[in-house]
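Asks: Per the numbering used here, the sequence shown starts with residue 1175, numbered consecutively. Backbone N, C-alpha and C define an ideal beta-carbon position, used for all residues, glycine too. Mind having a look at this structure? Questions to follow.
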Amino acid sequence: MKLFEFFTHNGFSFQHAETVLAMETIVCHKRGKICHLFQTNIRNHHRLAALAADGCGNGGGENPGVEENLQTDGWEDTTGIAHETAADGHVDFDALQEENPDIFAWLYVPGAGIDLPVLQSPVSDDFYKTHGADGEEDMGGALYTEMPNMMDMCDFNTIIHGKDEGEEDLFAGLHRFEDPDFFEENEKFYIYLKDNVLTYEVFAAYYDDGSDILRRFDYTTYKGCESWLEEVYGIRDMGKRQREGWEDLTPWHFFVTLDGSVGGESGKQYVVIGVLTGDAAGQIDRVILN
């Protein structure tokens, strides 16, 4: 059965399709809900068909992001290099790394409009400050980590950098966490690796001073990790958001700091910090020196 016939046979109507087998966005209606399904080429059509057969995602599956997808009104474009998105709970790393082998992860922050690849250059820590995810020169940059951070996400504190100064900047959505209601309602973000999915709970967001977070402490030692936690807890800024229930974090936890640009006059950078709460493959571990 052809793909178009498969969908129509199962009661779906298509409002938009430039082509059937190479469509980028299909909007299908079933049981009164709207589901956005994404496909970049014929290679992925089986994933699209599987979602449709399951009632357009209306089955409470395990993949994070599906629920948010069902509640979206209007058109939602695919994002990032190769038109990938994590909103359907899947990232095709083979396709991404064909485009750029420096891509090692994908960051998805529901509600904040952040759904993008994360890169690390083997040449220069600042490379992706002035280059896009495709490796081409682009002053908007990309989301990236620096070489002192391992790409398996097993460090105590992994710093993901991105620009946030303008409305179109990749990390502009971080500032939604300044709103206390948004902070309260949006607890989690996800990092996809090739063989794993990591879940983080946002426990703090605030304006940090402009110094280098990655090199501020020695995170390979217990004392260095402890000093960073003491600093985070010690911030008394009026605009700081901190979630209740996370007052006893230790150097044995794992963190990701989403780090915006250092502001010109203020000399500060906005950070959103998540603590690891889910490790689907059970691969996250490390040794801490005394």
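Taking C-alpha atoms, which residue in D1459, V1446, T1451 lies nearest to F1356?
Replies: It is V1446.
Asks: Between the Cα of F1267 and those of F1278, H1257, V1430, spot the shortest distance and give me the residue it belongs to.
Replies: If we check each option's Cα against that of F1267, F1278 comes out closest.
Asks: Can you tell me the Cβ-Cβ gap for L1293 and Y1302, rounded? I've got them flagged as a contact below 8 Å.
Replies: About 5 Å separates the two Cβ atoms, so the contact holds.
Asks: What does a CB cutoff of less than 6 Å around R1350 pick up in its chain, not counting 5 residues either side in sequence?
Replies: For R1350, where only same-chain residues beyond five positions count, the Cβ hits under 6 Å are A1286, F1356.
Asks: Closer than 8 Å by C-beta to L1344: which residues in its own chain qualify, once you throw out the five before and the five after it? Chain order, please.
Replies: Only I1288, L1290, G1314, G1315, A1316, L1317, G1336, K1337, D1338 meet the Cβ criterion.
Asks: Looking at the structure shown, is H1427 part of a helix, part of a strand, or coil, going by DSSP?
Replies: Coil at H1427, not helix or strand.
Asks: Where does E1320 land, buried or exposed, given buried means 16+ other C-beta within 10 angstroms?
Replies: Buried, by the Cβ-count rule.
Asks: Could you check which residue in Y1444, Y1380, V1406, F1377 has the C-alpha nearest to that of F1391?
Replies: Looking at the Cα atoms, V1406 is the closest of the given residues.
Asks: Which two residues bound the contiguous beta strand (DSSP E) that contains F1278?
Replies: Run containing F1278: 1277 to 1283, per the beta strand (DSSP E) assignment.
Asks: State the Cα-Cα distance for the pair Y1393 and D1386, rounded to the nearest angstrom.
Replies: Whole-angstrom Cα-Cα distance: 13 Å.
Asks: Residues bridged to T1395 by DSSP?
Replies: DSSP output for T1395 lists L1463 as bridge partner(s).
Asks: Can you name the start and end residues of the alpha helix (DSSP H) that A1269 belongs to?
Replies: Unbroken alpha helix (DSSP H) run through A1269: 1267 to 1273.
Asks: Given this structure, state the Cα-to-Cα distance separating F1428 from V1449, to the nearest angstrom.
Replies: Using only the alpha carbons, I get a separation of about 6 Å.
Asks: What separation, rounded to the nearest whole angstrom, lies between the Cα atoms of Q1443 and T1451?
Replies: So the two alpha carbons sit approximately 25 Å from each other.
Asks: Judging by CA-CA distance, which residue of S1298, E1421, C1399 is the nearest neighbour of F1330?
Replies: Comparing Cα positions, the closest option is C1399.
Asks: Assign H1264 to one of three DSSP states: helix, strand, or coil.
Replies: Three-state DSSP puts H1264 in coil, outside helix and strand.
Asks: If you drop the 5 nearest sequence neighbours on each side, which residues of the same chain put their C-beta closer than 6 Å to that of A1454?
Replies: N1370, V1371, listed in sequence order.
Asks: To test your reading of the DSSP string, which unbroken alpha helix (DSSP H) runs of 4 or more residues are found completely within the segment 1309 to 1373?
Replies: Entirely contained in the segment 1309 to 1373, the alpha helix (DSSP H) runs reaching 4 residues are, in chain order, 1354 to 1359.
Asks: Rounded to the nearest angstrom, how far is the Cβ of I1462 from that of C1328, given a contact under 8 Å?
Replies: Between C1328 and I1462 the Cβ distance is about 11 Å, and since that is not below 8 Å, they are no contact.
Asks: Using a 10 Å radius around the Cβ and a threshold of 16 neighbouring Cβ atoms, would you call C1230 buried or exposed?
Replies: In this predicted model, C1230 has a pLDDT of only 35, less than 50, meaning its place in the structure is not dependable; the value taken from the coordinates is given anyway. C1230 should be labelled buried.
Asks: Does the distance from the CB of V1265 to the CB of I1334 come in under 8 Å?
Replies: No, Cβ-Cβ distance for V1265 and I1334 is not below 8 Å.
Asks: Starting from the C-beta of S1401, find all residues in its chain whose C-beta is less than 8 Å away, skip the five residues before and the five after it, and write them out in chain order.
Replies: The answer, listed in chain order, is F1391.
Asks: Sort out for me which residues DSSP pairs A1378 with in a bridge.
Replies: A1378 is bridged to Q1416, I1447.
Asks: Could you work out which residue in D1433, R1389, L1367 is closest to A1379 when comparing CA atoms only?
Replies: Answer by Cα proximity: D1433.
Asks: DSSP has V1406 in a bridge; who is on the other side?
Replies: Partner(s): none; V1406 has no beta bridge.
Asks: Could you pull out every residue in the same chain whose Cβ sits closer than 6 Å to the Cβ of G1306, ignoring the five residues on either side in sequence?
Replies: Excluding residues within five positions, the ones whose Cβ falls inside 6 Å are D1312, A1316.
Asks: Going by other Cβ atoms of all chains shown within 10 Å of its Cβ, with 16 needed for buried, is V1297 buried or exposed?
Replies: When all chains shown are included, V1297 counts as exposed.
Asks: Helix, strand or coil: how does DSSP classify I1458 here?
Replies: Three-state result, I1458: coil.
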